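2 protein chains.
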Amino acid sequence: MANEVLEKGRLAKRASYKMPSLRTEDKNVALERIAKQLLEDEGEILQANQVDLEAGRKNGLSEAVLDRIMLNSDRIKAMVEGIRQVIELQDPIGDVLETITKENGLYIEKRRVPIGVIGMIYEARPNVTIDAATLALKTGNAIILRGSSSAKSSNIALVKSIHTALENSRVPVNAVQLIEDTSRETAKALFQLNEYLDVLIPRGGKNLIQTVVREASVPVIETGAGNCHIYIDESAKPSMVEEVVLNAKLQRPSVCNAVESLLIHENWFHNFGRQLLDKLAQHQVTIHGDEQVKAAYSDAVLATEEDWATEYLSLDLSVKLVNNMEEAIEHINTYGTNHSEAIITENEKNANTFLQNVDAAAVYHNASTRFTDGFEFGYGAEIGISTQKLHARGPMGLPALTSSKFFIKGTGHVRQ
Amino acid sequence: MANEVLEKGRLAKRASYKMPSLRTEDKNVALERIAKQLLEDEGEILQANQVDLEAGRKNGLSEAVLDRIMLNSDRIKAMVEGIRQVIELQDPIGDVLETITKENGLYIEKRRVPIGVIGMIYEARPNVTIDAATLALKTGNAIILRGSSSAKSSNIALVKSIHTALENSRVPVNAVQLIEDTSRETAKALFQLNEYLDVLIPRGGKNLIQTVVREASVPVIETGAGNCHIYIDESAKPSMVEEVVLNAKLQRPSVCNAVESLLIHENWFHNFGRQLLDKLAQHQVTIHGDEQVKAAYSDAVLATEEDWATEYLSLDLSVKLVNNMEEAIEHINTYGTNHSEAIITENEKNANTFLQNVDAAAVYHNASTRFTDGFEFGYGAEIGISTQKLHARGPMGLPALTSSKFFIKGTGHVRQ
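Order-wise, the sequence lines are chains A and B. In this text, residue positions in the first sequence follow the UniProt record's numbering: the first is 1, and each later residue adds one. In this text, residue positions in the second sequence follow the UniProt record's numbering: the first is 1, and each later residue adds one.
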């Protein structure tokens with residue numbers, strides 16, 4: 001029922017007002033309590049998880065999805081390990097971002113503060129419940145969690161442990177709210193919860209993200225989809241191309257920063273194309289080529305218009321020849337998802353033009369797209385990878401869960 | 001027609017790809033050309049403005065609205081002066097925000113870049129056309145302008161001058177687009193223009209802003225509404241209270257950072273309340289008081305629930321007594337619009353608690369709320385005042401019109 005959303009929204013908002021003044025130490029103590037409680041409640045959590053798994057089997061969920069839902073002792077230990085990593089991270093709250101002293105003596109300080117109430121709407125994986133809650137608490141935010149029906153029992157058990165842990169801490173118990181009703185109605189209510197929600201972050205597949213972007217009136221941070229390209233320029237070194245392309249496609253094909261499309265300068269292709277495509281085929285990669293590629297390499301499947309816009313997340317790769325770099329840039333700006341884009345070239349000038357003119361969160365010269373990741377960038381933990389341009393762009397560390405506020409001190413100052 | 005929006009969106013997006021690499025000098029030259037062109041085209045602009053004014057009179061627009069639409073020689077000079085101020089501002093594009101060198105030698109640089117395409121939807125005032133366009137160009141953004149029907153001819157003339165000026169510059173002419181069809185249909189099309197628009201900023205009344213927030217699927221920056229409070233604590237100095245409150249209410253009652261509501265500690269009110277209300281009454285301020293205020297001061301009008309939530313923008317002021325500061329904070333967090341909130345007190349501890357726990361873009365201790373303003377903060381120009389927490393909060397200077405991008409340089413780096 002939408003009433004659950006309203007009531008829990010109200011409670012989270014009230015809790016959030018107490019949280020900007022929490023000390024880092026208090027937040028860390030609460031996080032450590034959550035870690036210990038999860039270990040203590042392991043039995044109950046796994047039992048609840050069994051309920052989800054059995055329901056999932058009955059409903060015919062695929063093995064891949066069941067695996068995402070599944071918890072075991074090791075996975076709970078991994079959650080606990082994750083919490084302890086968050087405890088180690090520096091607390092950004094209170095950082096002074098700017099100071100202004102006006103001629104009349106008025107003192108203005110811009111400080112980092114919590115956002116307030118964060119909404120997180122996500123699919124299957126129950127570990128997101130713990131990840132999201134702990135990152136929110138570390139940054140002094142309240143959070144409203146709305147998981148999927150397929151992990152409902154697990155999420156209820158996990159949030160019960162969080163609440164038990166918070167009862168003996170200085171962090172308000174109401175700072176973490178789980179929407180237990182996983183009907184479409186509660187998702188819709190969350191989209192319109194402008195009164196209580198400061199931001200909504202969707203985590204999951206393209207459909208979920210697009211639905212939230214389209215329907216939510218609360219501010220949204222768009223994460224995720226990565227139709228990433230590598231452009232192979234005329235002067236690219238064949239050995240570097242092979243290493244980078246194989247890494248970007250094969251190291252973990254199912255993730256958003258894996259490469260999905262190659263754009264190859266026709267002169268380079270003429271000399272080294274077959275060798276590269278052979279190598280990819282040896283690794284079971286299916287090539288979806290344009291007409292020229294198909295003509296030169298008969299094992300390729302002929303690409304359709306749809307292929308250029310597809311994030312395969314599998315051992316598929318689209319390949320298109322271009323006459324020059326400008327054509328590659330235009331193709332990427334047309335079909336890309338503003339995530340991660342790379343050029344391989346020995347020509348510095350071309351590299352700089354490409355990096356400037358390609359519109360993406362992360363642009364690479366002579367490196368694999370796989371580095372776009374909070375841990376790889378040294379942020380320690382990641383809420384997701386933003387592909388929008390407002391507020392946060394690229395891997396989002398703790399600062400992405402903060403806002404700012406102007407603190408102004410006077411001695412009776414008035415405006416002239 | 002929505003087709004106009006789509007086509008101009010496409011043109012703006014294409015132009016935007018060329019703009020991140022514009023040099024500051026090129027942008028400033030283009031801005032100076034616009035300034036000169038406006039002076040040159042003054043006759044045509046004023047003629048077009050007459051068409052709007054005549055239509056407005058025929059349609060029965062109020063004198064206040066007609067004044068907002070009206071241009072004259074002085075107002076065009078003021079626009080030109082505004083452009084020259086923007087030329088003087090430091091260009092934030094290209095600033096390095098963060099550098100990371102990984103152990104493997106991969107070099108990551110986070111740089112400030114333009115947002116891309118900014119949409120601006122606004123009412124009446126044709127000077128917004130020039131303000132918004134010049135701030136967008138200075139930050140390397142393309143802009144789509146959608147003004148109101150009441151200033152249509154003026155806006156067409158102004159944008160014609162901009163286009164003439166840009167033709168002889170390095171800034172693409174298509175970087176500035178005006179939606180000439182001012183029907184509801186084009187506004188709606190703009191709300192859903194996710195393919196081409198990176199952000200939409202509404203400027204105008206509460207209704208316009210709320211419609212955009214509710215209906216747009218593109219990211220929005222919410223600006224404006226200010227139901228600002230001053231809380232007068234028990235220990236507040238009466239002379240300071242009088243000076244600050246009169247300034248906040250009277251210096252310019254029609255703007256968003258003027259005070260609309262006083263919350264007064266009952267002990268303070270008992271000693272000094274009548275004196276303050278008398279002073280306000282002398283300045284023609286109508287007091288909307290709660291029952292206690294009304295009982296003590298019979299000239300007051302009894303406040304309704306609606307008064308607490310009203311941004312009067314006039315010589316009206318709601319006044320409520322509170323038992324303690326916590327009650328004041330709770331009232332503000334319930335009825336405020338997260339704009340500017342002040343406490344007057346000699347108690348430092350209370351001041352700090354108030355500033356921490358009140359949820360607003362700018363919080364003041366012993367100063368007038370009237371300082372929340374881009375010029376007062378030294379930002380030189382202002383797109384508006386953000387009352388949301390994502391991306392920008394409070395007065396928005398040039399950096400609010402920028403995003404960031406990760407530039408990554410390797411020598412064939414791959415992820416392990």
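Where is the CB? At the ideal position from N, CA and C, for every residue including glycine. No experiment lies behind these values; they were computed from the predicted model shown.
Does G410 of chain B come within less than 8 Å of chain A when only Cβ atoms are used?
Yes, G410 of chain B counts as interfacial toward chain A.
Do you know how far the Cα of Q251 of chain B is from the Cα of V414 of chain A?
Distance between the alpha carbons of V414 of chain A and Q251 of chain B is about 9 Å.
Closer than 8 Å to chain A by CB, L71 of chain B:
No, L71 of chain B lies away from the interface with chain A (no Cβ there is under 8 Å from its Cβ).
Option nearest residue 419 of chain A by Cα separation, candidates A:T304, A:R33, A:A236, A:L61
Missing from the structure shown is residue 419 of chain A; chain A here goes from 1 to 416 and no further.
Tell whether a beta-carbon distance below 8 Å holds between L193 of chain A and E266 of chain A.
No.
Could you round the C-beta distance between A2 of chain A and T186 of chain A to whole angstroms and report it? I think they count as a contact, below 8 Å.
Indeed, because the Cβ distance is near 6 Å, the residues count as touching under 8 Å.
Compare the beta carbon distance of M325 of chain A and Y196 of chain A with 8 Å and say whether it is the shorter of the two.
In this structure, M325 of chain A keeps its C-beta atom at 8 Å or more from the C-beta atom of Y196 of chain A.
Given L313 of chain A as reference, the closest of A:S239, A:N257, A:W268 once Cα atoms are compared:
Among A:S239, A:N257, A:W268, the Cα nearest to that of L313 of chain A belongs to A:N257.
Which residue or residues does DSSP assign as beta-bridge partners of L262 of chain B?
Under DSSP, L262 of chain B takes part in a beta bridge, and its partners are B:I230, B:V319.
Helix or strand or just coil, what does DSSP make of K405 of chain A?
Correct three-state label for K405 of chain A: strand.
Against chain A, with Cβ distances strictly below 8 Å, would D26 of chain B count as a contact?
With a threshold of 8 Å between beta carbons, D26 of chain B makes no contact with chain A.
Using a C-beta cutoff of 8 Å, does L106 of chain A count as contacting chain B?
At least one chain B Cβ lies under 8 Å of L106 of chain A.
Does the segment 113–133 of chain B come into contact with the segment 6–15 of chain B, if we say contact requires no fewer than three beta-carbon pairs (one atom in each stretch) closer than 8 Å?
Between the segment 113–133 of chain B and the segment 6–15 of chain B there are three or more inter-stretch CB-CB distances shorter than 8 Å, so the stretches are counted as touching.
Measure from the C-beta of M240 of chain B to each C-beta in chain A and report whether the shortest distance is under 8 Å.
Yes, contact with chain A.
Output, in sequence order along the chain, the residues in the segment 9–25 of chain A whose CB is closer than 9 Å to any CB in chain B.
Of all residues in the segment 9–25 of chain A, K13, R14, S16, Y17, K18, P20, S21 have a Cβ within less than 9 Å of some Cβ in chain B.
Assuming I83 of chain A and I45 of chain A are in contact, meaning their beta carbons sit under 8 Å apart, how far apart are those beta carbons, in whole angstroms?
In fact, because the Cβ distance is near 14 Å, the residues do not count as touching under 8 Å.
Beta carbon of S150 of chain A, beta carbon of L262 of chain A: below 8 Å?
Contact: no.
I need the DSSP call for S183 of chain B, collapsed to helix, strand or coil.
Of the three classes helix, strand and coil, the one that applies to S183 of chain B here is coil, per DSSP.
By DSSP, does P114 of chain B sit in helix, in strand, or in coil?
Strand at P114 of chain B.
Chain D beta carbons: is any one of them nearer than 8 Å to that of G394 of chain B?
This model lacks chain D altogether; the protein chains it does include are A and B.
So who's on the other strand from M396 of chain A, going by DSSP bridges?
DSSP, once it has assigned bridges, lists no residue as partnering M396 of chain A.
Cβ distance (whole Å) where A132 of chain B is taken to contact A175 of chain B below 8 Å:
Between A175 of chain B and A132 of chain B the Cβ distance is about 12 Å, and since that is not below 8 Å, they are no contact.
Span separating the alpha-carbon of S169 of chain A from that of A30 of chain A
Approximately 5 Å, taken between the alpha carbons.
Mind pulling the alpha helix (DSSP H) runs of 4 or more residues that sit fully within the segment 141–177 of chain B?
Qualifying alpha helix (DSSP H) stretches, in chain order: 152–167.
Along chain A, in chain order, which residues have C-beta atoms closer than 7 Å to that of A361 of chain B?
Ordered by position in chain A, the residues that pass the 7 Å Cβ test against A361 of chain B are K405, F406.
For S217 of chain A and V213 of chain B, believed in contact at Cβ under 8 Å, the rounded distance
In this structure, V213 of chain B and S217 of chain A form a Cβ contact; the two beta carbons are roughly 6 Å apart against a cut-off of 8 Å.
Can you tell which of A:R146, A:Y107, A:L401 has its C-alpha closest to the C-alpha of P126 of chain A?
Nearest of A:R146, A:Y107, A:L401 to P126 of chain A, Cα basis: A:R146.
Of all the CB atoms in chain A, is at least one closer than 8 Å to the CB of D233 of chain B?
Taking 8 Å as the threshold, the shortest C-beta distance from D233 of chain B to chain A does not fall below it.
If we call anything under 8 Å between Cβ atoms a contact, is K237 of chain A one with E348 of chain A?
Cβ distance not < 8 Å, so K237 of chain A and E348 of chain A don't count as in contact.
For residue 443 of chain B, the first and last residue of its enclosing beta strand (DSSP E):
This structure does not reach residue 443 of chain B, given that chain B is present from 1 up to 416, and the question cannot be answered.
Helix, strand or coil, according to DSSP, for V255 of chain B in the structure here?
DSSP places V255 of chain B in the coil class of the three-state scheme, outside both helix and strand.
Cβ of Y122 of chain A less than 8 Å from any chain B Cβ?
So no, Y122 of chain A is outside the interface.
From what residue to what residue does the alpha helix (DSSP H) around H339 of chain A run?
Where H339 of chain A is concerned, there is no enclosing alpha helix (DSSP H), because DSSP gives it neither an H nor an E.
Which chain B residues sit within Cβ distance under 8 Å of K77 of chain A?
Within chain B, not a single residue places a beta-carbon under 8 Å from that of K77 of chain A; the smallest gap is close to 23 Å.
Comparing the C-beta of S254 of chain B with each C-beta of chain A, is any distance below 8 Å?
Under the Cβ criterion of 8 Å, S254 of chain B is not counted among the residues facing chain A.
DSSP three-state assignment for E40 of chain A, whether helix, strand or coil
In the displayed model, E40 of chain A falls within a helix according to three-state DSSP.
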